[in-house]
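Protein chains in written order, with our numbering: chain A, 1 to 555; chain B, 556 to 990. Just so it is clear, CB atoms sit at the ideal spot from N, CA and C, and this is done for glycine as well. Because the structure is a prediction, the values reported are computed rather than measured.
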């Protein structure tokens with residue numbers, strides 16, 4: 001007994017798959033509506049449109065319009081208070097042509113069962129994340145990203161869990177589990193464990209970060225493999241984008257994961273029937289939940305699918321890095337011994353009522369933050385002007401403006417020193433460094449609580465140099481080191497390390513192009529879904545780094 | 556000093572006006588650290604709507620402001636933003652003038668003490684000079700107006716700003732020596748929220764000191780003045796309460812306002828200590844713990860008044876700090892009021908022992924409040940324990956700040972009477988501890 005034990009159902013599934021193997025332009029909305037209706041679901045559509053801040057490489061246009069189609073399978077004998085979502089993004093071409101078929105086959109099978117206690121929503125969304133965001137905003141009656149969408153006609157209660165399917169071929173060799181969501185948010189570890197348990201039960205190969213499990217934990221290769229897997233998860237979490245359609249569900253407190261089918265060169269292949277049985281098992285387990293998944297960890301790192309590193313293990317590492325900054329600040333405080341450092345009362349800039357040169361401390365802080373605001377606002381706002389004057393596309397204009405403003409900020413200390421009437425004193429740079437160290441410590445702490453990987457990577461690159469910087473060091477050498485450890489170069493290193501880890505190393509020029517696309521993707525993610533990485537780096541981390549740059553060039 | 560004060564007021568009004576017009580105003584007015592069920596603007600609007608419909612605004616347990624507030628906003632609800640900015644301005648100017656008067660008094664007393672040779676020879680460096688004291692009133696006004704807590708409270712249109720204005724005017728009238736106005740304003744402040752009742756003791760001590768009446772329970776002059784002041788205070792309170800009754804026509808503002816403050820039925824998280832405890836308490840013990848927590852606010856008046864009976868203005872500072880830490884629904888606007896006083900004690904800096912730790916704790920907690928709220932309510936990865944931990948840490952930081960200043964103040968007074976370099980009986984160097 002199970003999915004597709006009936007030969008007629010198998011025929012239907014094969015028919016669907018053959019039909020969907022042909023490439024489709026756009027989304028076949030009417031066909032999907034008819035297909036879902038014929039399977040007994042309540043079908044509704046939602047149209048949405050979004051104006052992009054600048055046309056990226058994928059979309060090549062400013063306005064994105066699309067339609068989501070979703071069908072609700074009502075639970076036959078239960079009050080309609082809870083729901084589960086199974087979603088398959090419908091992209092043009094061959095990227096996800098099998099997932100919709102599997103969705104429809106599952107819908108047909110589920111329709112005939114009586115044990116459903118929650119409504120099941122089968123969602124086929126267009127334009128990947130933009131469609132998912134439009135649907136979620138319509139479902140929860142919010143509008144956090146400025147999207148225009150038609151209101152949802154049909155609804156099903158509060159969503160308890162969601163699964164996203166990505167299948168590009170009808171036979172697969174392994175299933176990849178994708179957990180990282182927007183702003184580094186992760187689903188409950190129980191969901192990952194559930195999926196892995198089912199894969200083992202049905203004998204399907206399951207991978208994470210595209211890497212297979214190894215059994216030799218004691219050997220050096222086994223350890224390196226696990227470390228590489230964990231490093232990949234850290235890098236993916238740090239960049240703050242959602243690596244599957246599930247990532248946007250997490251923000252609404254809905255546990256979600258993405259399942260991606262991979263077809264590589266391996267003897268043993270799994271067919272769609274087994275995947276269907278696996279998904280059916282998952283959905284039945286989720287159906288039996290009495291409450292939302294909350295018992296296991298929400299903050300973890302996975303070196304493999306059967307082992308995890310919880311927050312209790314990795315937070316002390318970060319804590320020790322932050323303590324370096326605090327100890328340095330304490331040391332500066334003791335050295336200063338100044339009689340007029342007033343109590344800092346929730347202000348990120350300490351106000352110095354009567355210490356010498358209030359302006360010499362306040363000015364670098366204000367100017368750094370104004371540069372940060374310029375870095376945040378100007379690239380998107382000035383793209384038309386840049387496109388008029390230079391032969392670049394809009395995306396390149398935005399990214400190159402951002403890099404230009406970033407580099408222009410490096411020239412600041414030489415200019416602001418001339419503006420100030422009083423020369424920088426020994427006291428002045430110490431007070432500035434004290435402020436900057438406390439500011440950086442609080443900033444890194446808050447970042448690590450929300451997105452640990454981002455906080456950790458920034459701490460590892462920024463803490464050593466900022467704790468030890470003074471104006472009395474060899475300027476050229478330390479300037480070079482500071483620039484090499486600045487946030488922009490950190491992103492560049494992360495790109496190269498990521499490419500190395502996924503075993504697709506790139507040359508320098510390709511890496512540079514990837515770096516530019518990462519920046520544009522970051523700006524786009526912030527505008528479209530509310531990812532916090534770009535505003536954090538532009539408005540807070542970069543001005544903090546500029547303050548330390550100011551200290552290096554203090555006199 | 557009028558020109559710098561005017562410039563400061565203009566800068567403060569500009570910052571508030573810019574924030575009022577930005578998209579953050581709505582976000583700020585929903586933050587639980589800035590508004591509480593007692594002083595949220597949304598509830599004022601709700602009460603006004605109920606009043607317009609002819610229903611008692613206290614029905615439905617939404618509105619907990621006093622009738623004077625309703626009638627004030629009944630007339631000025633269209634200009635609410637200007638009202639709150641004016642309230643901040645009034646508070647700042649009142650604090651400016653009161654600290655100026657206080658400094659003059661302090662300097663005068665110091666002069667008389669110097670002339671009568673009351674200070675030991677080696678503590679002349681502890682004495683305060685006019686040059687050092689010149690900018691203190693401006694700094695006090697600046698600390699109030701440009702404090703991010705005050706700006707957030709004003710932009711959220713929390714009526715805490717109006718309460719602060721009344722308390723600041725009360726302090727001004729007390730320091731200027733007008734017992735009648737001081738009693739009336741203290742009654743008004745008590746009528747708004749009950750806790751300024753504890754400010755009766757420092758005000759009384761100040762007037763007794765000013766009129767050279769010794770604080771001696773056996774003397775009739777002491778009782779005579781105390782009864783006068785108490786009569787003004789209680790009389791004004793009765794008159795104001797009676798007026799409220801006639802304004803609204805019923806007594807149901809008393810359980811809604813004062814019953815609400817005392818019995819703490821609403822357990823929305825805030826930066827205070829009550830909500831978490833009472834969320835997990837059994838009904839059986841609730842009354843007992845309510846009494847314990849509320850007595851905590853009022854109890855410290857007695858020992859502090861005995862210790863600080865010669866220093867009533869510092870006692871006012873301590874009382875305001877204790878009220879804003881231990882009251883049932885504190886917000887950051889209450890914290891901002893006592894923090895405005897800190898520049899007045901800048902001469903105590905050399906005796907403060909924990910100022911770095913306190914500053915780091917308060918700064919980190921202020922940054923962590925929104926982060927942990929987001930993790931608890933929106934991401935669902937944390938729970939109330941995390942948020943309460945930060946609340947506890949914040950209150951710990953505040954208590955440490957207040958006790959540190961208390962220690963420094965008492966130590967300076969001790970040095971002024973016993974000399975700067977203290978020696979034990981056998982001649983070795985001694986250290987002063989606060990027990």
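Straight-line Cα distance separating residue j from residue i
i	j	result
residue 619(B)	residue 912(B)	37 Å
residue 22(A)	residue 177(A)	With a pLDDT of only 47 at residue 22(A), under the threshold of 50, the placement of this residue in the model should not be trusted; the figure read from the coordinates follows. For residue 22(A) and residue 177(A), the distance between alpha carbons rounds to 27 Å.
residue 655(B)	residue 494(A)	58 Å
residue 111(A)	residue 121(A)	12 Å
residue 505(A)	residue 496(A)	7 Å
residue 952(B)	residue 323(A)	19 Å
residue 681(B)	residue 314(A)	50 Å
residue 268(A)	residue 172(A)	9 Å
residue 235(A)	residue 458(A)	12 Å
residue 42(A)	residue 181(A)	29 Å
residue 919(B)	residue 257(A)	34 Å
residue 738(B)	residue 779(B)	16 Å
For residue i: DSSP bridge partner residues
i	result
residue 73(A)	120(A)
residue 206(A)	175(A)
residue 67(A)	47(A)
residue 261(A)	175(A)
residue 307(A)	304(A)
residue 163(A)	86(A) and 257(A)
residue 148(A)	49(A)
residue 271(A)	171(A)
residue 158(A)	82(A)
residue 211(A)	208(A)
residue 125(A)	89(A)
Neighbouring residues, chain B, relative to residue i (Cβ below 7 Å)
i	result
residue 298(A)	936
residue 330(A)	911
residue 185(A)	934
Candidates the options, of which the one nearest residue i by Cα
i	options	result
residue 27(A)	52(A), 69(A) and 62(A)	69(A)
residue 533(A)	183(A), 87(A) and 118(A)	183(A)
residue 38(A)	108(A), 81(A) and 287(A)	108(A)
residue 562(B)	896(B), 696(B) and 870(B)	696(B)
residue 571(B)	969(B), 730(B), 636(B) and 879(B)	636(B)
residue 550(A)	513(A), 361(A) and 405(A)	361(A)
residue 861(B)	605(B), 938(B) and 760(B)	760(B)
residue 793(B)	775(B), 776(B) and 746(B)	746(B)
residue 320(A)	511(A), 248(A) and 464(A)	464(A)
residue 511(A)	503(A), 522(A) and 499(A)	499(A)
residue 134(A)	316(A), 185(A) and 248(A)	248(A)
Exposed unless 16 or more other CB atoms sit within 10 angstroms - verdict on residue i
i	result
residue 594(B)	buried
residue 65(A)	exposed
residue 525(A)	buried
residue 804(B)	exposed
residue 677(B)	exposed
residue 569(B)	exposed
residue 295(A)	exposed
residue 988(B)	exposed
residue 598(B)	buried
Chain-ordered neighbours of residue i on chain A, where CB pairs are closer than 8 Å
i	result
residue 930(B)	449 and 450
residue 728(B)	Near residue 728(B) there are no residues of chain A at all, since even the closest Cβ is about 27 Å away, more than 8 Å.
residue 926(B)	446, 449 and 450
residue 709(B)	Near residue 709(B) there are no residues of chain A at all, since even the closest Cβ is about 15 Å away, more than 8 Å.
Contacts of residue i in chain A (Cβ-Cβ under 7 Å)
i	result
residue 715(B)	Result: empty, since nearest Cβ-Cβ is about 16 Å, beyond 7 Å.
Contact set between residue i and chain B, taken where Cβ atoms lie within less than 8 Å
i	result
residue 333(A)	911
residue 253(A)	933, 934 and 935
Chain A contact residues for residue i, given Cβ-Cβ distances below 9 Å
i	result
residue 846(B)	Within 9 Å Cβ-Cβ: nothing; residue 846(B) doesn't reach chain A, min ~32 Å.
Proximity test, Cβ basis, 8 Å: residue i and chain D
i	result
residue 427(A)	Among the protein chains of the structure shown, namely A and B, there is no chain D.
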